[in-house]
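For reference, the structure is listed below as structure tokens.
There are 2 protein chains.
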Amino acid sequence: MADINDADGWTCPVPLRAETHIVLGHGGGGLLGSELVECLFLPAFGTAELAAAPRDSVVLEVGGVRLAFTTDSYVVNPLFFPGGCIGDLAVNGTINDLAMSGATPVALSAGFILEEGLDMAVLDRVARAMGAAAKNAKTRLVTGDTKVVERGHADGLYVNTSGIGLVAAGVHIGPERARPGDRVLVSGAIGEHGVAIMSVRSGIEFGTTIRSDSAPLGGLVAELLAAAPQIHALRDPTRGGLAASLCEIAAASRVGIVLDEAAVPVPEPVAAACGFLGLDPLHVANEGKLVAFVPDAQAEAALAALRAHRYGAGAAIVGTVTDGHPGVVVGRTPLGATRVIDRPLGEQLPRIC
Amino acid sequence: MADINDADGWTCPVPLRAETHIVLGHGGGGLLGSELVECLFLPAFGTAELAAAPRDSVVLEVGGVRLAFTTDSYVVNPLFFPGGCIGDLAVNGTINDLAMSGATPVALSAGFILEEGLDMAVLDRVARAMGAAAKNAKTRLVTGDTKVVERGHADGLYVNTSGIGLVAAGVHIGPERARPGDRVLVSGAIGEHGVAIMSVRSGIEFGTTIRSDSAPLGGLVAELLAAAPQIHALRDPTRGGLAASLCEIAAASRVGIVLDEAAVPVPEPVAAACGFLGLDPLHVANEGKLVAFVPDAQAEAALAALRAHRYGAGAAIVGTVTDGHPGVVVGRTPLGATRVIDRPLGEQLPRIC
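Residue numbers (the UniProt record's numbering), protein chains in the order written: chain A, 1 to 353; chain B, 1 to 353.
Structure (structure tokens):
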């Protein structure tokens, strides 16, 4: 493994290179996952697009057309949870990755890895959820593949969705484009997806059933772009939560972010569950929310556009970009104190998506 | 499961609907896999592109550009085998699916599912093989994703590659386009990939080491198109082998195919291994071959173009399309007898790719 550290001039943010085997945290939204990309996949693939700041989808110029392209594999456990299942999660997740580049989804693929012995009714339910989710988001599943592995070599099913989308002329959104003075918006309550999965998995009830927020955000982004054409950056805060998204954008844009923690919408049951489990809601995954970096002059219009949409009703302005402390996200707590907000190292919660 | 059989007017070619659980054969290139698509995925997804004849990649008109799009998950066991590994297999396989629509590959994605505890050196070797294969085929891996599952919930790693390609104006290739009078060409020796995997897995040596034929066919298809612009159909005979490809095209085009079995290039060690194991080489998977349906007038030019290319040196004309026995493939044996060539039901050999 010595030679995977040869990427010219690049240095790991944390010296974890001694890791000789894959750990669960490599699949999280934290530093371990980034290290795997930067130390292993980048040198192996040698692709400029991958070497750029991490983004939800890549934008390519193909035959004069601007295409967004993205892929995600889904291994969520359990397959069904309050608010959704692996099927709609996989469709919505890939649509959202396209939407975060400002792209209108055009078509999706579905690649299944099935475990021998899987109940056909389970697969049918998952496939129907995928078809319904695609229809709901006005897109289509146009190509697919099925592999089967022996009993014990998967658990139930895994699914990969890849997607292509069209990016309109003039739309330039990227994690490296946030600028001092930008306002930071989130489109609604955070933490619901992670807590929903956790509550099913742990068997712990938190008084009320918390449902995953899984939703397709293509339409929301279209409305947002109409109201605030100068959006600088968009991110869907999935693995690693809002904290990871903010830290990635702060690093990619070399700006500081001040987060007004009191303004972040955290539903009471999510706060209670996180308190009980010792988690920070900022680190918990979402599957139907976005964070937007918008020039101050368009922030109110952007907020109104988000709030007018069914998937953005709970939107709020939660922070500001500064030229102080580049690369660092600082939270102002309700009591007026400040703290540095970090990305998690690995994952608090494996198999969240 | 009752309602998955409601696809309007469609009837399964074989009444296997009583299957209530996934079996290994659903992942093969045979009838069980087709049934899964037709009885379950089609009604669930409701997509016209999927309902069309099965094809290696779908062609979409996007913003005035003709794009091919495809996906494949790879679960080959073992990860490394003579002639390649899961990494180059995944890159070449997706490039080939694009090439079978006449597309020039533009970009690929890579979605990994890793097992906790996987040796980082193994992942590194696979990723480097992917990077090298992409470079060899003049394409790029531009986006990716990594998930990790707990020990015992995968074996080593699975990888999905999806791809997009550009289809030139005037190129119209599809499994439903074969016409009576077309000549059938294969680009070289068949059966090598399947026998290579089988020999590693069974520990059986067949005198000489048979290597997988894994190779990217984009360049070969470009040469073929230049020599024979009227190619009607192309297929890479992977799971299910040459027999499955021929049967699918015969069915989709509603034509008969007469295969001159003596003309099919089967290397001696492949024939010996198949004889020993009771397999028909026509059913064994290939990963670097194509079968082409070309109008008679262009067949010799097509053959010459194939033979001039490093990946087509062993090309041969192996059959003819007829308007007799539509949907049926008939083999003429070296002794002058004829037999019906069928698709396998499931898979002789699971986890071949």
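Backbone N, C-alpha and C fix where the C-beta goes; we use that ideal spot for every residue, glycine too. As the structure is a computational prediction, the values presented were derived from the model and not from experiment.
### Task
Kindly indicate the opening and closing residues of the beta strand (DSSP E) around K135/A.
Element bounds for K135/A: not the beta strand (DSSP E) but the alpha helix (DSSP H), 120-136.
### Query
Using a beta-carbon distance below 8 Å, is N92/B in contact with chain A?
Cβ-Cβ to chain A under 8 Å: no for N92/B.
#### Entry: Near-chain A residues of the segment 114-146 of chain B (beta-carbon distance less than 8 Å), N- to C-terminal order
Taking 8 Å as the Cβ-Cβ cut-off against chain A, the residues of the segment 114-146 of chain B that qualify are L114, E115, E116, G117, L118, D119, M120, A121, L123, D124, A127, R128, M130, G131, A134, K135, R140, L141, V142, T143, G144, D145, T146.
### Task
Would you please state the rounded distance, in angstroms, between the beta carbons of I257/A and L118/B? I believe it to be under 8 Å.
Wrong, their Cβ atoms sit about 35 Å apart, outside the cutoff.
### Query
Given that G102/B touches chain A, what residues does it touch there, using C-beta distances under 8 Å?
Residues of chain A whose Cβ lies closer than 8 Å to the Cβ of G102/B do not exist, since the nearest Cβ in that chain is about 14 Å away.
### Query
Opposite F293/A in the DSSP bridges: which residues?
According to DSSP, which records beta bridges pairwise, F293/A is partnered with V184/A, A233/A.
### I231/B versus A215/A - alpha carbon distance
In a straight line, the C-alpha of I231/B is about 43 Å away from that of A215/A.
### Task
Check the DSSP bridge columns for Y74/A and list the partner residues they point to.
In the DSSP output, where bridge partners are listed per residue, Y74/A has V159/A.
### Task
Might you give, ordered along the chain, the residues of its own chain that have their beta carbon closer than 6 Å to the beta carbon of T208/A, omitting 5 neighbours on each side?
Around T208/A, the same chain offers P269 as residues with beta carbons nearer than 6 Å, after the five sequence neighbours per side are excluded.
### Task
Use the C-beta contact count for G194/A: other C-beta atoms within 10 angstroms, 16 or more gives buried, fewer gives exposed.
Answer is buried; the Cβ neighbour count reaches 16.
### Message
Please return the same chain residues whose Cβ sits closer than 6 Å to the Cβ of G165/B, not counting the five positions on each side in sequence.
### Response
Cβ within range, chain order: A68, L98, A103, T104, P105, V106.
### Query
A315/B and V186/B: beta carbons closer than 8 Å?
A contact, by the Cβ cut-off of 8 Å.
### Message
Checking 8 Å against the spacing of the C-beta atoms, do I317/A and A263/A come in under that value?
### Response
Their beta carbons are under 8 Å apart, which means I317/A touches A263/A by this criterion.
### Task
Please classify P344/B: is it buried, with 16 or more other beta-carbons within 10 angstroms of its beta-carbon, or exposed?
With 16 or more other Cβ atoms within 10 Å, it is buried.
### Query
Using the rule of at least 16 other Cβ atoms within 10 Å of the residue's Cβ for burial, across every protein chain shown, is F276/A buried or exposed?
Per the 10 Å Cβ criterion, exposed.
### Task
Verify the CB distance criterion: does H193/A have a CB-CB separation below 8 Å to chain B?
Chain B contact via Cβ: absent.
### Query
Would L60/B count as contacting chain A if we go by Cβ distances under 8 Å?
Under the Cβ distance rule, L60/B counts among the residues neighbouring chain A, one pair being separated by less than 8 Å.
### Query
What's the C-alpha gap between A132/A and R239/A?
Rounded to whole angstroms, A132/A to R239/A spans 24 Å at the Cα level.
### Message
Does the CB of F81/A have a neighbour CB from chain B at under 8 Å?
### Response
Chain B, which has no Cβ nearer than 8 Å to the Cβ of F81/A, makes this no.
#### Entry: Classification of P281/B by the beta-carbon crowding that lies within 10 angstroms, buried from 16 upward
By the neighbour-count rule (16 or more Cβ atoms within 10 Å), P281/B is buried.
### Message
So if I threshold CB-CB distances at 7 Å, which residues from the segment 20-33 of chain B count as touching chain A?
### Response
Within the segment 20-33 of chain B, the residues whose Cβ lies closer than 7 Å to some Cβ of chain A are T20, H21, I22, V23, L24, H26, G27, G33, listed in chain order.
### Message
For G144/A and L79/A, what's the separation of their Cα atoms in angstroms?
### Response
Going by the C-alpha atoms only, they are around 20 Å apart.
### Task
Please confirm whether V126/B and L157/B have their CB atoms less than 8 Å apart.
Yes, these two residues count as a Cβ contact at 8 Å.
### Query
Counting along the chain, where does the beta strand (DSSP E) carrying A107/B start and finish?
Run containing A107/B: 103-115, per the beta strand (DSSP E) assignment.
### Query
Short check: CB of I113/B to CB of K147/B, under 8 Å?
Contact flag set, yes.
### Query
Between the segment 22-36 of chain B and the segment 332-347 of chain B, do three or more beta carbon pairs fall short of 8 Å?
Short answer: they touch.
### Query
What do you reckon, are the CB atoms on A227/A and A304/A nearer than 8 Å?
For the 8 Å CB-CB criterion, A227/A and A304/A form a contact.
### Task
Using three-state DSSP, classify C353/A as helix, strand or coil.
Three-state DSSP puts C353/A in coil, outside helix and strand.
### Message
Here's a check: name, in chain order, each residue in its chain whose Cβ is nearer than 6 Å to the Cβ of V58/B, leaving out the five neighbours to either side.
### Response
Cβ neighbours of V58/B within its own chain (closer than 6 Å, five residues either side excluded): E49, F69.
### Task
With 8 Å as the threshold, decide whether the Cβ of L225/B is near any Cβ in chain A.
Taking 8 Å as the CB threshold, L225/B stays off the interface with chain A.
### Query
Shortest alpha-carbon distance to A110/A belongs to which of F41/B, M130/B, M100/B?
When only C-alpha atoms are compared, the closest one is F41/B.
### Query
Using the beta-carbon count (16 or more within 10 Å), is G191/A buried or exposed?
Per the 10 Å Cβ criterion, buried.
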